[in-house]
Amino acid sequence: MAEINHDAAEEGDRQLLSTLPKKERMWKPFFLYRGCWLTPRAVTSITLLQSQFAPRPDDVVLATFPNWHYMNKDHVRGYWEQSVAEPHRVLFLKYDDMMADAGKHVKMIAEFLRVPFTGEEVSGGAVEEVVSRCSFENLKSLLVNSSGVSDRIGGMPMENSSYFRAGKVGDWKTHLTEEMAKKLDCIVEEKLRGSGLTF
Numbered sequence: 712m713a714e715i716n717h718d719a720a721e722e723g724d725r726q727l728l729s730t731l732p733k734k735e736r737m738w739k740p741f742f743l744y745r746g747c748w749l750t751p752r753a754v755t756s757i758t759l760l761q762s763q764f765a766p767r768p769d770d771v772v773l774a775t776f777p778n779w780h781y782m783n784k785d786h787v788r789g790y791w792e793q794s795v796a797e798p799h800r801v802l803f804l805k806y807d808d809m810m811a812d813a814g815k816h817v818k819m820i821a822e823f824l825r826v827p828f829t830g831e832e833v834s835g836g837a838v839e840e841v842v843s844r845c846s847f848e849n850l851k852s853l854l855v856n857s858s859g860v861s862d863r864i865g866g867m868p869m870e871n872s873s874y875f876r877a878g879k880v881g882d883w884k885t886h887l888t889e890e891m892a893k894k895l896d897c898i899v900e901e902k903l904r905g906s907g908l909t910f
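Residue numbers (the working numbering): 712 to 910.
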């Protein structure tokens, strides 16, 4: 790797930051860079990383938060195993299954919470109403989600709309190649081996 000219990098960072939309927050400014509101340090770190490293076509994940505690955990398997051991305390649902039959899963959640729908509620359309109000399309269109901003990610503001993609089963094909998907499938298969959980 070539040695980094820090003076040139700092000047380039200043020039880049001067062109980006800016919001003053309580103690520091945030800049809109590639759809995310970031601190100046985060923007400069990203641009430095991008200038020094290039992803290979077979990369699945190039970089992530170095100490993110979930990366090395088998939390999905743990939730699954707990749901098998204590089904009255942990309800494990799969997105694909919920999308295939939302009404069935709404009733399942209500029963799990010990507030099942009455026969009158079911015949009166209450289940369908809950499904409609909780639908991806409805939640995405709410004003707070289409125009609001959240400070939840490490104190950095994020447009609420960025939490929504297509909301469809199989949307991974938009973001991953077949080869990437196969690598992820192998990792997931290895992690879930012997658990009884299938995907």
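Don't be surprised by glycine CBs; every beta carbon is placed ideally from N, CA and C.
Fair warning: this is a prediction, and the values are worked out from it, not measured in the lab.
Asked: Pairwise C-alpha distance: Glu839 and Lys879; Found: 19 Å
Asked: Residue from Arg752, Lys734, Trp748 whose Cα sits closest to the Cα of Asp724; Found: Arg752
Asked: Own chain, CB closer than 7 Å to Asn778, minus 5 neighbours either side, in chain order; Found: Only weak support is given to the placement of Asn778: the predicted model assigns it a pLDDT of 43, under 50, and the question is left unresolved by the model.
Asked: Residues of its chain near Thr885, where Cβ-Cβ distance is below 6 Å and the 5 sequence neighbours each way are ignored; Found: none
Asked: Buried or exposed by the 16-neighbour rule on C-beta atoms within 10 Å, applied to Trp748; Found: buried
Asked: C-beta atoms of Val817 and Val842 nearer than 9 Å; Found: yes
Asked: Among Ser852, Gly746, Glu831, nearest to Pro732 - alpha-carbon criterion; Found: Gly746
Asked: Straight-line gap, Arg904 to Glu831 (C-alpha atoms, nearest Å); Found: 43 Å
Asked: Cβ neighbours of Phe803 in the same chain (closer than 7 Å, five flanking residues each side left out); Found: Tyr790, Trp791, Ser794
Asked: Spatial neighbours of Ser872 in its chain, beta-carbon cut-off 7 Å, leaving aside the 5 residues before and after; Found: Asn856, Ser857
Asked: Cβ shell of Leu908 (< 6 Å), same chain only, five flanking positions each side left out; Found: Trp791
Asked: Reduced DSSP category for Phe847 - H, G, I as helix; E, B as strand; rest coil; Found: helix
Asked: Strand pairing of Ser729, partner residues [DSSP]; Found: Looking at the DSSP assignment, Ser729 forms no beta bridge with any residue, so it has no partner.
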